[in-house]
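Engineer: Residue numbers (the numbering used here): 80 to 674.
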């Protein structure tokens, strides 16, 4: 604003000065003018403002390369957007913004980069506002779990369906004591003979193929009935990153964020989202509930409602029987439906053709190699080493909350099947303490030392040194280079709660604490298009070294970005469960002893 005001006034100032300096003074005039007693002295010209420091040629070249990369990422995102591939578009748009925020260049002090940042944020905001008019922004429309879809099931059931289900039950092989009554039959009717029910259960059963062999193995090892796999139908639809926004329960088995289940939760890892480790915790907890209650139906109800609640209802009524508690309305509506809908899913899964599920095609099992790393390594380097996209690695490691593995504890890193040996061979080329920043570049025919150095913003000299190349040596016969990308200033992290204030948006909060928008959304399970109410508390894991500097340096720019509130979305594989209010207290699971 002040700059525009200065430019507007400059011509006027010149008009005032020109009469004073444009006419030569007459020194030999005959008429002497009387002196002006109170004439003010002509003020001395104001000193010229200090020139803004000009960026160096090296920084200008870095800015040029950065802007080119940002525009390329935005262009890819725009192309994905036009094709209707919104998650892919979101990924590219996030990458474009994050490249600028994490470039190490002060955006405020570089006019070209500042303008580029404003332009990209405004463009992305416009596209997401356009997408929000047609759906859920850059977040794919959330698919309900079968349990959510069946929340409005009525109990008017054709007696012929009950008889048919009972006949099918006679030929059903199950390690659970299955039964069919009008309550179970009502859910069979919903899943089999309504479009909404059919497709939600169909998609859930298809996703089950990814994890079924692993779950069956663990249930057998823990001595738990195999058909308890179908609790995941009600809990998450077999989605490992599912999150209930109301209760904060998370993962395939919807464990609460508190409680001792043998699952690690810290700033780097949340093992509720690890399919295998959470399944082990689930199997052990179900066995614990059965040992407490002596009945699998009551154990299933306790998984939803809490063991203590079920024990109190049994003690109050004198009935240690789920159906007696059901008929006496001792259970919340959600828990009353929970067991019948699981039994319905078991019966349909055992007789898919009889109930119209001829089109079930199981997703292929997730096959991985697992290497235990005792050091911190960035997923971008892992991507370089094994030749797969970063998002594929994130999907294989859903418990990892950051782009790098924990620095102070072992982590089981899941890699695409068949790549463990390649990973071990290539990662050995990079010093252990450099694996959070260095990269691995596969060479192409057009690559030179200088072109690779430019691409990664390193010097050609440092690239030669890291690869033991002499001054004039070329790249003939080489397949790859290790790239000594310097680390950013090593931060220590602290997790804090930030209370939303008037005028805050996700982009201003992320900018204030020096974190990415994607991280902020993921930590708080926020989708696109969500307005932040004043007073809401957000989890922020901030780099301590940036906290004070970011607040002061970027606060003015942050205020100009309020229009970009809808930018980016949460991790693509996270879902929420919109259950009744009772779900917020349903999983107060009792602490269990670890084997």
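Glycine is no exception: its CB is placed at the ideal position from the N, C-alpha and C atoms.
Enumerate in chain order the residues of its own chain whose CB-to-CB distance from residue 579 is below 8 Å, with the five nearest sequence positions on each side excluded.
Structural biologist: Excluding residues within five positions, the ones whose Cβ falls inside 8 Å are 588, 611, 612, 613, 614, 615, 616, 617.
Engineer: Whose C-alpha, out of 582, 554, 536, 575, is nearest the C-alpha of residue 184?
Structural biologist: Per the Cα distances, 536.
Engineer: Please state the DSSP three-state secondary structure of residue 329.
Structural biologist: Correct three-state label for residue 329: strand.
Engineer: If distances are taken between C-alpha atoms only, which option among 576, 575, 591 comes closest to residue 582?
Structural biologist: Considering only alpha carbons, the answer is 591.
Engineer: What whole-angstrom Cβ distance do residue 286 and residue 442 have, given they're in contact under 8 Å?
Structural biologist: About 6 Å; that satisfies the 8 Å criterion.
Engineer: Give the C-beta separation of residue 340 and residue 364 to the nearest angstrom, bearing in mind that I take them to be a contact with Cβ-Cβ under 8 Å.
Structural biologist: The pair is a contact, with the Cβ atoms about 6 Å apart (cut-off 8 Å).
Engineer: Just the C-alpha distance for residue 172 and residue 384, rounded to the nearest angstrom, thanks.
Structural biologist: Cα to Cα, the separation comes out at about 42 Å.
Engineer: Taking 7 Å as the limit between beta carbons, can you name the residues of its chain near residue 240, skipping five residues before and five after?
Structural biologist: Same-chain partners within the cutoff: 264, 267, 268.
Engineer: Terminal residues of the continuous alpha helix (DSSP H) containing residue 612?
Structural biologist: It is not in any alpha helix (DSSP H) - residue 612 carries neither H nor E in the DSSP assignment.
Engineer: Relative to the C-alpha of residue 512, which residue among 329, 457, 550, 542 is closest?
Structural biologist: Of the listed residues, the one whose Cα sits closest to residue 512 is 457.
Engineer: When the Cβ atoms of the region 249-265 are set against those of the region 276-292, are three or more pairs found closer than 8 Å?
Structural biologist: No, they do not touch.
Engineer: For the beta strand (DSSP E) that residue 495 lies in, which residues bound it at each end?
Structural biologist: That run of the beta strand (DSSP E) goes 490-495.
Engineer: Does the distance from the C-beta atom of residue 351 to that of residue 330 stay below 8 Å?
Structural biologist: Taking 8 Å as the Cβ cut-off, residue 351 and residue 330 qualify as a contacting pair.
Engineer: Straight-line CA distance for residue 433 to residue 180?
Structural biologist: Each residue's Cα considered, the two are about 56 Å apart.
Engineer: May I ask you to verify whether the region 513-521 touches the region 457-467, counting CB pairs closer than 8 Å and requiring at least 3?
Structural biologist: A contact exists between the region 513-521 and the region 457-467.
Engineer: By Cβ distance, which residues of its chain are closer than 7 Å to residue 30, with the 5 residues on each side in sequence left out?
Structural biologist: In the structure as shown, the chain starts at 80 and stops at 674, and residue 30 therefore has no counterpart that could be examined.
Engineer: How would you call residue 349, buried or exposed, if buried means at least 16 neighbouring beta carbons within 10 angstroms?
Structural biologist: When all chains shown are included, residue 349 counts as buried.
Engineer: For residue 358, I'd like the list of residues in its chain whose CB is within less than 6 Å of its CB, leaving aside the five on either flank, ordered along the chain.
Structural biologist: Result list for residue 358: 294, 297, in chain order.
Engineer: Are there 16 or more other CB atoms within 10 angstroms of the CB of residue 527, so buried, or fewer, so exposed?
Structural biologist: Exposed, by the Cβ-count rule.
Engineer: Near residue 292, which residues of its chain fall below 6 Å by C-beta distance, leaving aside the five closest residues on each side in sequence?
Structural biologist: 444.
Engineer: Below 8 Å between beta carbons: does that hold for residue 450 and residue 508?
Structural biologist: No; because the gap between Cβ atoms is not below 8 Å, this pair is not in contact.
Engineer: Along the chain, where does the beta strand (DSSP E) that runs through residue 519 open and close?
Structural biologist: 518-521 is the extent of the beta strand (DSSP E) around residue 519.
Engineer: How many Å lie between residue 187 and residue 324 at the Cα?
Structural biologist: Each residue's alpha carbon lies about 36 Å from the other.
Engineer: Assuming contact is defined by CB atoms lying nearer than 8 Å, are residue 200 and residue 176 in contact in what I supplied?
Structural biologist: Yes, they are a contact pair.
Engineer: Who are the Cβ neighbours of residue 196 in its own chain at under 6 Å, not counting the five residues just before and after it?
Structural biologist: 179, 186, listed in sequence order.
Engineer: Can you give me the Cβ contacts of residue 414 inside the same chain, cut-off strictly under 7 Å, excluding the 5 residues immediately before and after it?
Structural biologist: Contacts found: 380, 383, 384.
Engineer: Identify which residue in 597, 453, 620, 261 has its Cα closest to the Cα of residue 515.
Structural biologist: Taking only the C-alpha atoms, the option nearest residue 515 is 453.
Engineer: Look at the alpha carbon of residue 148 and the alpha carbon of residue 156, and state the distance between them as a whole number of angstroms.
Structural biologist: Going from the Cα of residue 148 to the Cα of residue 156 covers about 12 Å.
Engineer: Give the C-beta separation of residue 270 and residue 423 to the nearest angstrom, bearing in mind that I take them to be a contact with Cβ-Cβ under 8 Å.
Structural biologist: Their Cβ separation, rounded to whole angstroms, is 6 Å, which keeps residue 270 and residue 423 in contact under 8 Å.
Engineer: Going straight from the alpha carbon of residue 301 to that of residue 314, what length do you get?
Structural biologist: Looking at the two C-alpha atoms, the distance is approximately 20 Å.
Engineer: So, is residue 174 buried or exposed, given that buried needs 16 or more other C-beta atoms within 10 angstroms?
Structural biologist: Looking at its Cβ environment, which holds 16 or more other Cβ atoms inside 10 Å, residue 174 is buried.
Engineer: Using three-state DSSP, classify residue 270 as helix, strand or coil.
Structural biologist: In this structure, residue 270 counts as helix in the three-state DSSP scheme.
Engineer: Give the secondary structure of residue 340 by DSSP, where H, G and I count as helix, E and B as strand, and everything else as coil.
Structural biologist: Residue 340 falls in the coil class under three-state DSSP.
Engineer: Just to confirm my understanding: we take residue 146, look at its own chain, exclude 5 residues before and 5 after, and list those with CB closer than 6 Å. What are they?
Structural biologist: Excluding sequence neighbours, residue 146 sits near 195.
Engineer: Tell me the rounded alpha-carbon separation between residue 378 and residue 430.
Structural biologist: Rounded to whole angstroms, residue 378 to residue 430 spans 25 Å at the Cα level.
Engineer: Classify residue 160 as helix, strand or coil using the three-state DSSP reduction.
Structural biologist: Residue 160: helix per DSSP, three-state reduction.
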